[in-house]
Structure formats: C-alpha cells, structure tokens
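Asks:
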Amino acid sequence: MQTLILKNGINNIQAYATFYNFFEGNETLVYICDDDEDLSTLESFISSYYPTATTTVNSYCSFNPGGEFYTILGNNTYDLNGDGCDVSDLDFPNLKYSVTNGIIDESIFSNTNGDYILPVQTGMHTITPLLENTPYFTVVPSSITVDFPTDASPYSQDFCVTPDGVHPDLELIILPLGQARPGFDINYELVYKNKGNTTLSGIVALDFQDDFMDLITANPIVDSQTTDNLSWNYSSLQPFESRSIYFTMNINTPTDTTFPVNGDDVLDFIATIIPIAADETREDNVFELNQTVVNSYDPNDKTCLEGATITPR
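Mind the numbering: the sequence shown is residues 1062 to 1374 in my numbering, read in order.
1. Identify, in the order they occur along the chain, each residue of the same chain with its Cβ nearer than 6 Å to the Cβ of V1118, setting aside the five sequence neighbours on each side.
2. Can you give the Cα-Cα distance for F1124 and P1180, rounded to whole angstroms?
3. Could you check whether V1222 and F1153 sit closer than 8 Å to each other, using their CB atoms as the reference points?
4. Taking S1159 as part of the beta strand (DSSP E), name the residues at either end of that continuous run.
5. Return the residue from the list N1258, I1235, Q1270, Y1177 that minimises the CA-CA distance to V1091.
6. Just to confirm my understanding: we take Q1286, look at its own chain, exclude 5 residues before and 5 after, and list those with CB closer than 8 Å. What are they?
7. Determine the DSSP secondary structure at I1107, reduced to helix, strand or coil.
8. Excluding the 5 residues preceding and the 5 following Y1408 in the sequence, name in chain order all residues of the same chain whose CB lies nearer than 6 Å to its CB.
9. In or out: S1149 buried (at least 16 other Cβ within 10 Å) or exposed?
10. With a 10 Å radius around its C-beta and 16 neighbouring C-beta atoms as the bar for buried, classify I1247 as buried or exposed.
11. If the criterion is Cβ atoms closer than 8 Å, does the pair N1255 and L1192 meet it?
12. Per the DSSP calculation, L1067 is bridged to which residue(s)?
13. Rounded to a whole number of angstroms, what is the C-alpha to C-alpha distance between L1267 and T1333?
14. Could you check what DSSP says for F1330 in three-state terms: helix, strand or coil?
15. Looking at I1335: is its Cβ nearer than 8 Å to the Cβ of G1263?
16. Kindly list the residues whose CB is nearer than 6 Å to the CB of T1278, restricted to its own chain and excluding five residues on each side of it in sequence; keep chain order.
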C-alpha cells in the first residue's frame, strides 16, 4: 500500500493514540491524506514510532489514487547565510502551500525534512508557498504552475527560503499529558519554537505552585531551581526549530495537612521564554496554563487550553 485516505471531516486525534497498530507493516507508505486539524498529530506519531519513514502527510485528497495521476515533488531549503540555497543549508520543514487547479483549492505541507510530494490529475495546478510570518522571509520561486500531461511527471521544483531582515520571534506552550489528580504523578510537555529568521539563545522559565505539587523528574534536567520556579538554558535555536522539555509533577493529596488538593481545584503554571525585549510578538513568549484537578478519569472529557468551550462540528 502506497496511499492512505483518512480525510473524513472528523477529528481523529484520539484514534491516533494507537496509530502504530495500523501503520505497522506499511512503513513504505508514500502519501497519507487527512483533515487539516489532524495533520500535526499524525505526523508526530509517524516521527515517534517510525523515524525512518518518509511518508508525506497532507490534506490534499482531490485525486483518484486508483486512476491516472501525475506527481509534483521537491524540497524546501533555508538560506541562512543569504548566499543562495545549497547542500550546506538547512531544510525548511512543515512549509504550507496553497494548491489550486482553478476549481479546487487545497493546502498541503512539506514534511519535517522539507520534502513535499503532491499527486494530481490532468490539468493545470498552481502551487504557492505560504509562510507563517511572511514579512520575515522571501521565497524563490514565489509560485509555480504545472500543466499535465504537457509537463513531464514527476515534476521536480525546489523552493529557496531566504531571511528578509532580522526578526527574532519565539513562542512556547505547556501541554498537560494527562489529567491532574490528587496524589498522582502527571506529565507535562513544554514546547518552544523559533518562528523568526535568526538563531537565538536564552532561557525557558516555568512558574508553578510549589506548595501544591513537587517536581519528580525533568528532561532535560533543570539548570536552575528555586521555590515556585524552574528554568532551563537553551542555545543555538535555529529558525523554525522547535524543542521540548518534559517534566513530571506529583500533586498533593486531599489529606495533605498544609496544602491539600481536591477535585475542581485549579493548578496554575506560567511559562516564559527569553529574550523578550526585541521579540516581534511578545505576547506568545508567555503562556499560562490553568489546569482543573479531577477526582476520577473521564475518557470523554475535553479540556480547552485557550477559552472555555469547544465549538461543536
């Protein structure tokens, strides 16, 4: 099997918790099509369980895999030194493209190695790179138009991304990897990313309520720890690179004599990434997580990291 269509308009993230079961034995998959909101999770599972797989994951499903189709492929490179893209430069991962044949408009993404592959049907197809922070970069070529069967298939086109000026821009988020329950351990992931176009070094700091929980482990290890605060140093964070910090907390029990924790209590975390002073978007250098404690696990429970409600689909 080379192609798998999973796009169904339904959020499949929970189902992908066992993704390795149906991917096992199909590591040679070339292309998986899925809904936009599932793409990052699906690609994360592939990277975690099958790091050598070269499968491309996208939401572009407007072709018939069983019929005649043509292929557009290429790679994105980041020209860090501004001297033209070459083999010494970095790959530009997860670049979004707009794809249209004049009737259907879709989006696709390159993989973590900067590679993209797009099967299409007969006709003219225009592909335009869409950058998250357009003012920070220029892309050459800015778009391509391919006409099949006039053009040969596979049609190869690389894109060169070049920094435009100096734009430091960092962001971070805290992800609880489970429910906070009194007396139990809970794992967290702190993800930070360089969205700008210049290499950065600094500090990731976490403020937490030390009275109500205790740090069990952290990976990487903490560089500095005081009451209610942990901090990690980071260096040489490349443009568009993201890294993760994993840590485990043990939550106090309801019988704690000084600081008991019960269901419906709220645990507060504030993460900050430095430097902030010159950052283009300072508001996403700070992330606050307010996590409600639960007494029992509900498999159907959903928690909003931003806002109080989930819009029904």
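Where a beta carbon is used, it is the ideal one built from N, C-alpha and C, also for glycine.
Replies: Once the coordinates are examined:
1. The count along the sequence shown starts at 1 and reaches residue 1118 at position 57. If we look at V1118 and ignore the five residues flanking it on each side, its Cβ neighbours are I1093, L1100, L1103, E1104.
2. Taking the sequence shown and counting its residues from 1, one reaches residue 1124 at position 63. Taking the sequence shown and counting its residues from 1, one reaches residue 1180 at position 119. With a pLDDT of only 48 at F1124, under 50, the local geometry of the prediction cannot be trusted, and the value read off the model is given with reservation. Each residue's CA atom was taken as its position, placing F1124 and P1180 some 7 Å apart.
3. By one-based count along the sequence shown, residue 1153 stands at place 92. By one-based count along the sequence shown, residue 1222 stands at place 161. Going by C-beta atoms, F1153 is nearer than 8 Å to V1222.
4. Working through the sequence shown from its first residue, we reach residue 1159 at position 98. 1157 to 1161 is the extent of the beta strand (DSSP E) around S1159.
5. In the sequence shown, residue 1091 corresponds to position 30, counting from 1. Measuring from the Cα of V1091, the nearest candidate turns out to be Y1177.
6. As a first step, residue 1286 is located in the sequence shown; it is residue number 225 there, counting from the start. Cβ within range, chain order: L1276, S1292.
7. The count along the sequence shown starts at 1 and reaches residue 1107 at position 46. Here I1107 sits in helix by DSSP.
8. An answer regarding residue 1408 cannot be provided, because it is not within the stretch 1062 to 1374 covered by the chain.
9. What you label residue 1149 is simply residue 88 of the sequence shown in a count that begins at 1. Exposed, because fewer than 16 other Cβ atoms sit within 10 Å of the Cβ of S1149.
10. Taking the first residue of the sequence shown as position 1, residue 1247 is located at position 186. Its Cβ being crowded by 16 or more others within 10 Å, I1247 is buried.
11. On the sequence shown, position 194 is the one that residue 1255 refers to. On the sequence shown, position 131 is the one that residue 1192 refers to. Going by C-beta atoms, N1255 is not nearer than 8 Å to L1192.
12. Numbered from 1 along the sequence shown, position 6 holds the residue referred to as residue 1067. According to DSSP, which records beta bridges pairwise, L1067 is partnered with nothing at all.
13. If you number the sequence shown from 1, residue 1267 lands on position 206. If you number the sequence shown from 1, residue 1333 lands on position 272. Straight-line measurement puts the Cα of T1333 at about 6 Å from the Cα of L1267.
14. Taking the sequence shown and counting its residues from 1, the one referred to as residue 1330 is at position 269. F1330 falls in the strand class under three-state DSSP.
15. Within the sequence shown, numbered from 1, the residue matching residue 1335 stands at position 274. Within the sequence shown, numbered from 1, the residue matching residue 1263 stands at position 202. Cβ distance < 8 Å, so I1335 and G1263 count as in contact.
16. The residue you call residue 1278 lines up with position 217 of the sequence shown. Result list for T1278: T1309, in chain order.
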